[in-house]
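Asks: This structure is in structure tokens; I'll ask about it shortly.
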Amino acid sequence: MSEDIYRTSHLKLRPRRHWGRMVAAGIVLLLLAALVRAFATGKIEWSYVGEFLFAPAILEGLVNTILMTFSAMLIGIVLGVLFAIMRISENPVLSWIATGYVWIFRGAPALLQLLLWFNLALVFPKIGIPGLMEWRTVDVMTPFVAAMLALGIQQGAYTSEVVRGGLLSVDSGQYEAARAIGMGQLMMLRRIVLPQAMRVILPPIGNEVIGMVKITSLASVIQYSEILHNAQIVYYANTRVLELLLVASFWYLAVVSILSVLQMYVERHFARGTKRPKATG
Amino acid sequence: MSEILVKAIDVTKRYANFTALDRVNLEIRKGEVCCIIGPSGSGKSTFLRCINMLERIDGGAIWVGGELLGYRRQGDELHELRDAEIARQRRHTGMVFQRFNLFPHLTALENVTEGPIHVLKEDRKAAVAHARDLLARVGLADKMDHYPSELSGGQQQRVAIARAMGMRPDLILFDEPTSALDPELVSEVLDVMKDLAESGMTMVVVTHEMGFARGVADTVAFMESGRIEEIGPAEKVLSNPDSARCAAFVRAVHK
């Protein structure tokens, strides 16, 4: 008889109920439904959203946003790599200058830097190489150039810290092995150190690119016709404020989504030779 | 007697409050295999790294192949060499590290061809063919396209030896090449090194493998406290050393 209590094979298994999870999921879904309802019944003319999604002014803004993202990011990455290498160099002057660059350009708001570059003509009416060539600053500092310089240079300060982190992550044995086969500094950085650092650098750079897509909207204050600027111009005329902001949101989301997928592929490329979990988007 | 390949005179290396190398003198002839033994912290690895200028020396001088390392003599002055000239001097000397230090983003074959193609500017096809020969010679013909992370420690170290040989060096330095290996993988690396020694390569080996030193080395140097305490033919230093410290060390290692 007593052996019976050890028999379990004939018993029915009743899985545990996760009441807490069900309640939490229910509450969240309810809130979401309320949000959707609010947008559906609110005074949003969805037909306007559809109509302006592909309006020429909006598409032109989209192209300018993408153009600015890439130009500013290109400057940011070039400066970032340059200043990161300067920072870790044994030349104290270069290292100092790199530290100062990060300090200053990370220290001022991006919006303020945009205004500074755009208004440069107030203090430097002419720029150029003294005695060789000269231009009027107002002609050179178009909204595009001012935004590209302001966003690119402040981005470089952030990127240089990301790149420096990547360089530091490479084992000192790699530097020694590269020297031992007779490589000079530059070849060592280019062929051995940077490719390995890329694995560490890429995820935060992906983040920064996505951040840049959105910071470009700040350039609307200096009349650069990116997508938010153009959406504003349209809604000043037709007063469909929220509809046009939704249009702009849609395009930002679309660009960011595409960039996330791109990031995944680039990370996969630089994951060569590692057994770690492959990069995710 | 063959010509002298490495000559170290009064090599001294100081850290803040510690003398790592204290007037080390050494001569290595072409084709010679020299094992450096000694307790940890005795300066063996530091001295080896000086021969490849991975460490700066604070006193004395080292010549490799008749060339003074790190300096150019002009009349009565010694001029420090530029980075590019130091890189050029390093090309003649191969180095095998304790922790392999293979390039993880390159395959075994690419690890071997990296230097010949990019540093020596050899023709790609010729460099690849040479690298294939070398990898076959170290027993890795079937692992050429593997990344280091896919290889065992012993296999990685054999790739590292092939990488050093790819530069067609006059001399290869080994910094405790088997110390980071699981015990069962040690012999496959030592076999490759023995093979290399028999082919006439000049080798300086910092090691704790007394069997290798006895079987392969021509000379053995015992270092302690930054000095070469005793140096001579392998058999003499390992079996019948003059120095009491050397005798104690050899006895302790053999236990």
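Keeping their order, the protein sequence lines are chains H and R. Letter 102 of the first sequence, counting from 1, is numbered 102 in the UniProt record's numbering, and no numbers are missing. Letter 150 of the second sequence, counting from 1, is numbered 150 in the UniProt record's numbering, and no numbers are missing. Yeah, the Cβ is synthetic: ideal placement off N, Cα and C, and Gly gets one too.
1) With DSSP collapsed to three states, give me the class of valine 253 of chain R.
2) How many Å lie between phenylalanine 103 of chain R and methionine 144 of chain R at the Cα?
3) Using a Cβ cut-off of 9 Å (strictly closer), state whether glutamate 67 of chain R contacts chain H.
4) Residues in the same chain with beta-carbon distance under 8 Å from leucine 120 of chain H, minus the five sequence neighbours each way, listed in chain order, please.
5) Looking at the unbroken beta strand (DSSP E) that takes in lysine 13 of chain R, where does it start and where does it end?
6) In the structure shown, what three-state DSSP assignment does aspartate 58 of chain R receive?
7) The alpha helix (DSSP H) spanning glutamate 161 of chain H covers which residue range?
8) Around the C-beta of glycine 281 of chain H, are 16 or more other C-beta atoms found within 10 angstroms, so that it is buried, or is it exposed?
9) For proline 277 of chain H, which residues of its own chain have a beta-carbon under 7 Å away from its beta-carbon, when the five flanking residues on both sides are left out?
10) Distance cutoff 9 Å, beta carbons only. Does glutamine 223 of chain H sit that close to anything in chain R?
11) Could you name the residues of the stretch 72 to 87 of chain R whose beta carbon sits closer than 9 Å to any beta carbon of chain H, in the order they occur along the chain?
12) If you compare alpha carbons, which of R:Gln89, R:Gly60 and R:Ile172 is closest to alanine 12 of chain R?
13) Run down chain H in chain order and give the residues with a C-beta less than 9 Å from the C-beta of valine 119 of chain R.
14) Using three-state DSSP, classify methionine 68 of chain H as helix, strand or coil.
15) List the residues of chain R whose Cβ lies closer than 7 Å to the Cβ of isoleucine 192 of chain H, in chain order.
16) Using the Cα positions of glutamate 80 of chain R and isoleucine 227 of chain H, report the straight-line distance between them to the nearest angstrom.
17) Have a look at glycine 31 of chain R and serine 169 of chain H and give me their C-alpha separation to the nearest angstrom.
18) Assign leucine 35 of chain H to buried or exposed, taking buried as 16 or more other Cβ atoms, counted over all protein chains shown, within 10 Å of its Cβ.
19) State yes or no: is the beta carbon of alanine 127 of chain R nearer than 9 Å to at least one beta carbon in chain H?
20) Helix, strand or coil: which one does DSSP assign to threonine 280 of chain H?
21) Along the chain, where does the beta strand (DSSP E) containing isoleucine 37 of chain R start, and where does it finish?
22) Just confirm the distance between the C-beta atoms of valine 96 of chain R and proline 148 of chain R, as a whole number of angstroms; I'd bet it's less than 8 Å.
23) Return helix, strand or coil for methionine 203 of chain R, following the three-state DSSP convention.
24) Determine the extent of the beta strand (DSSP E) in which lysine 126 of chain H is found, giving its start and end residues.
25) Is valine 193 of chain H helix, strand or coil by DSSP?
26) Chain R beta carbons: is any one of them nearer than 9 Å to that of proline 277 of chain H?
27) Mind checking which residues open and close the alpha helix (DSSP H) that includes proline 116 of chain R?
28) What in chain H is Cβ-close to glutamate 114 of chain R, meaning under 9 Å?
Replies: Straight from the coordinates:
1) Three-state DSSP puts valine 253 of chain R in a helix.
2) For the pair phenylalanine 103 of chain R and methionine 144 of chain R, the Cα-to-Cα distance works out to about 14 Å.
3) Taking a beta-carbon distance threshold of 9 Å, glutamate 67 of chain R does not count as an interface residue toward chain H.
4) The answer, listed in chain order, is Ile127, Thr137, Met141 and Ala146.
5) Here the beta strand (DSSP E) through lysine 13 of chain R covers 4 to 15.
6) DSSP places aspartate 58 of chain R in coil when its eight states are reduced to three.
7) Start and end: 143 to 169.
8) Bear in mind that the predicted position of glycine 281 of chain H carries a pLDDT of just 38, short of 50, making it unreliable; the figure below should be weighed with that in mind. Classification of glycine 281 of chain H: exposed, given that the 10 Å Cβ count is below 16.
9) Per-residue confidence for proline 277 of chain H stands at a pLDDT of 47, beneath the threshold of 50, marking its modelled position as unreliable; the derived number appears in the next sentence. Nothing listed; no residue qualifies.
10) Any Cβ of chain R closer than 9 Å to the Cβ of glutamine 223 of chain H would place that residue at the interface, and such an atom is absent.
11) Correct list: Asp83, Ala84, Ile86 and Ala87.
12) In the sequence as presented, alanine is not what sits at residue 12 of chain R; that position holds threonine. Of the candidates R:Gln89, R:Gly60 and R:Ile172, the one whose C-alpha sits nearest the C-alpha of threonine 12 of chain R is R:Gly60.
13) Those are Ile181, Gly182, Met183, Gly184 and Met187, listed as they occur along chain H.
14) Of the three classes helix, strand and coil, the one that applies to methionine 68 of chain H here is helix, per DSSP.
15) Neighbours of isoleucine 192 of chain H on chain R, chain order: Phe103.
16) Those two C-alpha atoms are separated by around 58 Å.
17) Answer to the nearest angstrom: the Cα atoms are 39 Å apart.
18) Under this definition leucine 35 of chain H is an exposed residue.
19) No - not a single Cβ of chain H is within 9 Å of the one on alanine 127 of chain R.
20) The predicted model places threonine 280 of chain H with a pLDDT of 42, which falls under 50 and marks its position as unreliable, so this point remains unresolved.
21) First-last of the beta strand (DSSP E) with isoleucine 37 of chain R: 33 to 37.
22) That pair is no contact at about 14 Å.
23) Here methionine 203 of chain R sits in strand by DSSP.
24) For lysine 126 of chain H, the enclosing beta strand (DSSP E) begins and ends at 126 to 129.
25) Look at valine 193 of chain H here: in three-state DSSP terms it is helix.
26) With a pLDDT of 47 at proline 277 of chain H, under the threshold of 50, the predicted position of this residue should be treated as unreliable, and no value is reported.
27) Where proline 116 of chain R is concerned, the enclosing alpha helix (DSSP H) starts and stops at 108 to 118.
28) Contact note: glutamate 114 of chain R reaches chain H through Ala178, Ile181, Met183, Arg191 and Ile192, using a C-beta cutoff of 9 Å and chain order.
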